[in-house]
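Novice: Questions regarding the structure given below will be posed in turn.
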Amino acid sequence: MTFVFALFLLTLLVITALAIVRSDNLFVAVMLTSIFSLLMAANFFILDAADVALTEAAVGAGVTTVIFLSALAMTAEREKFAHVGRAAALLVVIVLGALMTYAIFDAPRLGDPNAPVHQHVAPWYLEKTPEYIDIPNIVTAVLSSFRGYDTLGEVFVVFAACIGVLFILGPRPAGHAAQRPARSSGLKHHLIPQVVGRLLVPFIVLFGLYVQFHGEYGPGGGFQAGAIIATGVILFALLEGENAALRAVPQRALMALVIGGASLYGAVGIVCIALGGNFLDYSVLSSDPVFGQQLGILIIEAGVGMAVCGALLTIFHAFASRGQG
Amino acid sequence: MDLTPHLPALQVVVPMLAAPLIVLLKPRGLAWAGATAVAMLSFCIAIAMTIDVLQGKVFTYQMGGWAAPYGIELSVDAFSAVLLLVVSGAGALGMLAAHASVDQQIELERQPLFYSAWLLAMAGLIGIVVSADAFNIFVFMEISSLASYVLIAGGPDRRALPSVFKYLIMGTIGATFYLIGVGLVYMMTGTLNLADMEVRIQEVTELNPLLVAAGFITIGLALKAAVFPLHVWLPNAYTHAPHMVTMFLAACGTKVAIYVLIRFDFLVFQSALPGHSTQFASFLMPLAILGIVVASAVAVFEGHLKRLLGTSSVAQIGYIVLGASFLSAAGLSASVTHIFNHALAKGGLFLAVACLACHYRDLRLSQLAGAAKTMPWTAAALVICGLSLIGVPGTAGFISKWLLINAAMAQDNYSVLLVAVILLSSLMAVAYVWRIVETLYFGSTDNVAADGATDIIREAPLPLLLVTWLVALANIGFGFFPQLPISLSSGAASVLLGQLP
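Read top to bottom, the protein sequences are chains A and B.
Using the UniProt record's numbering, the letters of the first sequence correspond one by one to residues 1 to 325.
Using the UniProt record's numbering, the letters of the second sequence correspond one by one to residues 1 to 501.
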């Protein structure tokens, strides 16, 4: 049954991808990428990667689509047709596809317990997590402790993207928001989105907080939570207008979230060194190493959530304010 | 508290964690001062580790206290030490010199973001160099790439935007290819740690996925490293970037990708795939030779100073790849020495370009005629670094060319051809460096639109000029006393070929 469902989803994925390539209407293409992400999320879910599915749904289908749309507001809706390179690009794609297929022939069957990936580090994580960290969600244990340095790196990727957008689009001058003409009133005059949307916003934010603090027990964690909360605020901005959203969560607060979140994560690492451990070795944070690990994970996940939420909203506002200017 | 065992981690973490704090330093000059202090600190850490590495020590560090392969491991050996010196040196000296040039090119309120991105680019490149984990390398590749796109696009030159977009697309494809390759290797070995990969890959029986993985990783990293013919993004990106950014990236940006390519291929694939070393050599050697010849020839006819030097970088990358494709200890150490020496020469040249740009807005050669009269010190430093780029005896460039020619002579096949290529391209380097010298010293100043009179001496701001001269003198210093790069690079060669140092 799962096989049939996976086949169905993958077929839809291919169709959507072809439709994105063929469409010369950028608005359609953006909507299709959103669908693509949603299908991808479902695929990840079938493959038992619930955490990845949640991220893909929140970031890929949610925030990215909105940011694409705000970028689209600055440019034309239709793509200028360019002849050049289509054939070459098609050739490259075909060759790559053939190569990948060739490589996959000798791959271990999906879910084969004897596959190398299930024989080496994975059993160790499964066996040792209860002993060293004692949290039920092993994915969270791997991401935030065993490979916590990667996650720190990812937070700084998000940070780099955030300052990059600010640097290139230029920070908005202070006090500019107040003098903005009333054009950016969002969907204020549309009754149905108003009513439904208003009902949704608090629940989205609440769900985000749940995902944040429940990450040790179920799928989720800082990345997903940050993205979900950002989605909630973006929905608010779409309903009430960007200025209202900026009044509720001002730009300075967003920057403080980004810088504070990234620094909080890093600070935990430095504190670990000061207490005599290695960088990001949370065991030294408390006299009980297991509790130290849990404490460390809780703090760094909070840092991740803050940084991701702040960065996504900063990027959204940078594009949205440009689009109206 | 003894911080020595923590140095590999601090090397990355210090510039990375400082980056968000720099954004907060709004008042004039403070962001620059903070970033410079951090970059210098990072350079000092690199020097401290190099001193230990020279005595035969190999640093390893377990992130989070988790042993490899379960956690992420950092390691610093002779090969990494060379790259660390180059990256942190270019970052720190660039920062030290940057103030005047950045003031001229970037608005005051955007400067904290610029310096923050600079530190992130540094941290990303350093993070790649010290990492011993294939996926961790990818994460830091993302940081360094994003930060360098931002730095390139940030200048006043709007033409930077299309060139950076091209770079972004190609760079992303390169990084994705690398990730696909790593994914395939992970599928077959179940590990991400490079040393562990080297061991477990021996037991893999189906070799096709590994072969495809090697292809993806090689092409992906060659894209990032601008190996001919995948270099098309490089000349425009270097030309339109802010001058200090060009200097920083030209000195170390592409070399880090070559570092990962060489390390991955020699340590992981060549031990597992039968005949892979020949494939590696026969794939990369022709590309390197073509790159050296074609890019040098193009540079001879290039009319814009920055694009000329950028194009010459493609040829110099060719030398580095050529040395590695010899597969011998001599070839590898020539290659690694050239990474060091080319960073000195090209870094110095682009510093001199930044000096020139203080008074000459338009850097086309036709507009720079007679610049040596107004900026004699800058022009002299440019000549010294130019001589080093050519490989004139007495400069650092000579050492690596000499090692490369020796390594080429020791090859069984085509050794005459290889030496001929190296000599021919050096002659072409003479030609394009001479074109610069001719314009600066003997060009007629009649139709030049310099702002102000042309015969008054108006040098670049002192800090910029001093750093330029420091690098120029280092080109001569390492020409006469090449022990440091040579001993590090022979150590690197023995690490790569699996011998005890």
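We treat Cβ as the ideally placed atom computed from N, Cα and C, and that holds for glycine.
Source: prediction; values computed, not measured.
Where does Phe59(B) fall in DSSP's three states?
Specialist: In the second sequence, residue 59(B) corresponds to position 59, counting from 1. Three-state result, Phe59(B): strand.
Novice: Just to make sure I have the definition right: I need the residues of chain B whose C-beta is within less than 7 Å of the C-beta of Asp106(A). Which are they?
Specialist: As a position in the first sequence, residue 106(A) is number 106, starting the count at 1. Here the neighbours are Glu206, Asn208, Pro209.
Novice: Once you ignore the five residues that flank Phe316(A) on each side, which residues in its own chain have a CB closer than 7 Å to its CB?
Specialist: On the first sequence, residue 316(A) is found 316 positions in, with the first residue counted as 1. Here the set comprises Val66, Ile67, Ser70, Ile234.
Novice: With DSSP run on the structure shown, which of helix, strand or coil describes Leu74(B)?
Specialist: To locate residue 74(B), count along the second sequence from 1; it is residue 74. Three-state result, Leu74(B): strand.
Novice: Which residues in the same chain as Gly181(B) place their Cβ atom closer than 6 Å to its Cβ, once the five residues preceding and following it in sequence are excluded?
Specialist: Taking the first residue of the second sequence as 1, we reach residue 181(B) at position 181. Hits under 6 Å: Ala213, Phe216, Ile217.
Novice: Would you identify the three-state DSSP class for Arg435(B), choosing helix, strand or coil?
Specialist: Here residue 435(B) is taken as the residue at index 435 of the second sequence, counted from 1. Three-state result, Arg435(B): helix.
Novice: Does the region 111-121 of chain B come within contact of the region 161-172 of chain B, defined as at least 3 CB pairs closer than 8 Å?
Specialist: Segments in contact, no.
Novice: Flag this pair as yes or no: are the beta carbons of Tyr149(A) and Ile138(A) separated by less than 8 Å?
Specialist: Sequence index remark: in the first sequence, residue 149(A) carries index 149 (1-based). Sequence index remark: in the first sequence, residue 138(A) carries index 138 (1-based). No.
Novice: If you count every other CB in all the chains shown that lies within 10 Å of the CB of Pro274(B), and 16 or more means buried, which is it?
Specialist: Here the question's residue 274(B) lines up with position 274 in the second sequence. Exposed, by the Cβ-count rule.
Novice: Which of the three DSSP states, helix, strand or coil, is assigned to Arg364(B)?
Specialist: Translated into positions along the second sequence, residue 364(B) becomes position 364. DSSP places Arg364(B) in strand when its eight states are reduced to three.
Novice: Any idea which residues DSSP pairs Asp106(A) with across the strands?
Specialist: On the first sequence, position 106 is the one that residue 106(A) refers to. DSSP output for Asp106(A) lists no bridge partner at all.
Novice: Drop a sphere of 10 angstroms on the beta-carbon of Ala182(A), count the other beta-carbons inside from all chains shown, and report buried for 16 or more, exposed for fewer.
Specialist: Taking the first sequence and counting its residues from 1, the one referred to as residue 182(A) is at position 182. The predicted model places Ala182(A) with a pLDDT of 45, which falls under 50 and marks its position as unreliable, so this point remains unresolved.
Novice: Determine the DSSP secondary structure at His231(B), reduced to helix, strand or coil.
Specialist: The residue labelled residue 231(B) in the question sits at position 231 within the second sequence. In the structure shown, His231(B) sits in coil (DSSP, three-state: anything other than H, G, I, E or B).
Novice: If we count the other Cβ atoms within 10 Å of its Cβ and call it buried at 16 or more, is Gln179(A) buried or exposed?
Specialist: Sequence index remark: in the first sequence, residue 179(A) carries index 179 (1-based). At Gln179(A) the pLDDT is 46, less than 50, meaning the model places this residue with poor confidence and gives no usable figure here.
Novice: Distance check for Ser335(B) and Ala493(B), CA to CA, integer angstroms please.
Specialist: What you label residue 493(B) is simply residue 493 of the second sequence in a count that begins at 1. What you label residue 335(B) is simply residue 335 of the second sequence in a count that begins at 1. In a straight line, the C-alpha of Ala493(B) is about 9 Å away from that of Ser335(B).
Novice: I believe Ala460(B) touches Thr378(B) by the beta-carbon criterion, under 8 Å. Please report the beta-carbon distance rounded to the nearest angstrom.
Specialist: Translated into positions along the second sequence, residue 460(B) becomes position 460. Translated into positions along the second sequence, residue 378(B) becomes position 378. About 6 Å; that satisfies the 8 Å criterion.
Novice: From which residue to which residue does the alpha helix (DSSP H) around Met49(B) run?
Specialist: As a first step, residue 49(B) must be located in the second sequence, where it is residue number 49. Taken as a continuous stretch (DSSP letters only), the alpha helix (DSSP H) holding Met49(B) covers 30-54.
Novice: Does Leu69(A) come within less than 8 Å of chain B when only Cβ atoms are used?
Specialist: What you label residue 69(A) is simply residue 69 of the first sequence in a count that begins at 1. No, Leu69(A) lies away from the interface with chain B (no Cβ there is under 8 Å from its Cβ).
Novice: When you compare the CB positions of Arg28(B) and Phe167(A), do they come within less than 8 Å of one another, or not?
Specialist: Stepping through the second sequence from its first residue, residue 28(B) is reached at position 28. Stepping through the first sequence from its first residue, residue 167(A) is reached at position 167. Not in contact: Arg28(B) and Phe167(A) (Cβ atoms no closer than 8 Å).
Novice: Counting only the same chain and skipping the five closest in sequence on each side, list residues whose C-beta sits under 7 Å from that of Asp281(A).
Specialist: In the first sequence, the residue the question calls residue 281(A) occupies position 281. The residues are Cys272.
Novice: Hey, does Tyr178(B) have any beta-carbon neighbour from chain A nearer than 8 Å?
Specialist: Position 178 of the second sequence holds residue 178(B). No, because no Cβ of chain A sits closer than 8 Å to the Cβ of Tyr178(B).
Novice: Pick helix, strand or coil for Arg78(A), following the three-state DSSP scheme.
Specialist: The sequence position of residue 78(A) within the first sequence is 78, counting from 1. DSSP places Arg78(A) in strand when its eight states are reduced to three.
Novice: I want to see whether chain A comes within less than 8 Å of Tyr167(B), judged by CB atoms only; does it?
Specialist: As a working note, residue 167(B) is residue 167 in the second sequence. It does not: the Cβ of Tyr167(B) has no partner Cβ on chain A nearer than 8 Å.
Novice: Contact criterion: CB-CB distance below 8 Å. Does Ala50(A) meet it with respect to chain B?
Specialist: Taking the first sequence and counting its residues from 1, the one referred to as residue 50(A) is at position 50. Not closer than 8 Å to any Cβ of chain B, the Cβ of Ala50(A) fails to qualify, so no.
Novice: Please tell me whether Gly62(B) has its Cβ less than 8 Å away from any Cβ of chain A.
Specialist: Taking the second sequence and counting its residues from 1, the one referred to as residue 62(B) is at position 62. The question names Gly, yet the displayed sequence has Gln at residue 62(B). So, interface residue.
Novice: For the alpha helix (DSSP H) holding Gly386(B), just list the boundary residues, first then last.
Specialist: Reading the second sequence from its first residue, position 386 is the one you call residue 386(B). Run containing Gly386(B): 376-390, per the alpha helix (DSSP H) assignment.
Novice: At the level of alpha carbons, what is the spacing between Gln270(B) and His276(B)?
Specialist: Taking the second sequence and counting its residues from 1, the one referred to as residue 270(B) is at position 270. Taking the second sequence and counting its residues from 1, the one referred to as residue 276(B) is at position 276. Computed Cα separation, rounded: 5 Å.
Novice: Mapping DSSP to helix, strand and coil, what is Asp133(B)?
Specialist: The count along the second sequence starts at 1 and reaches residue 133(B) at position 133. Here Asp133(B) sits in strand by DSSP.
Novice: Across the region 382-402 of chain B and the region 466-476 of chain B, are there enough close Cβ pairs to call them in contact, namely three or more that are closer than 8 Å?
Specialist: yes
Novice: Consult DSSP for Asn236(B) and reduce its assignment to one of helix, strand or coil.
Specialist: As a first step, residue 236(B) is located in the second sequence; it is residue number 236 there, counting from the start. Helix, per DSSP.
Novice: Which residues, in order along the region 46-73 of chain B, keep a beta-carbon less than 8 Å from a beta-carbon of chain A?
Specialist: Tyr61, Gln62, Met63, Gly64, Gly65, Trp66, Pro69, Tyr70, Gly71, Ile72
Novice: Nearest CA to the CA of residue 367(A): which residue from Phe81(A), Pro289(A), Ser144(A)?
Specialist: Residue coverage of chain A in this structure runs from 1 to 325, which leaves residue 367(A) outside it and unanswerable.
Novice: Could you list which residues in chain B have their beta carbon closer than 7 Å to that of Glu154(A), in chain order?
Specialist: The count along the first sequence starts at 1 and reaches residue 154(A) at position 154. Within 7 Å Cβ-Cβ: Val139.
Novice: Give a yes or no on contact between the region 19-31 of chain A and the region 106-122 of chain A, applying the rule of three or more CB pairs nearer than 8 Å.
Specialist: Short answer: they don't touch.
Novice: Would you call the region 53-70 of chain B and the region 181-200 of chain B in contact, with 3 or more CB pairs under 8 Å?
Specialist: Taking 8 Å as the limit for Cβ pairs, the verdict is that the region 181-200 of chain B does touch the region 53-70 of chain B.
Novice: To be precise: take each residue of the region 135-160 of chain B, compare its Cβ to all Cβ atoms of chain A, and keep it if any distance is under 8 Å. Which residues remain?
Specialist: Phe135, Asn136, Val139, Phe140, Glu142, Ile143, Leu146, Ala147, Tyr149, Val150, Ala153, Gly154
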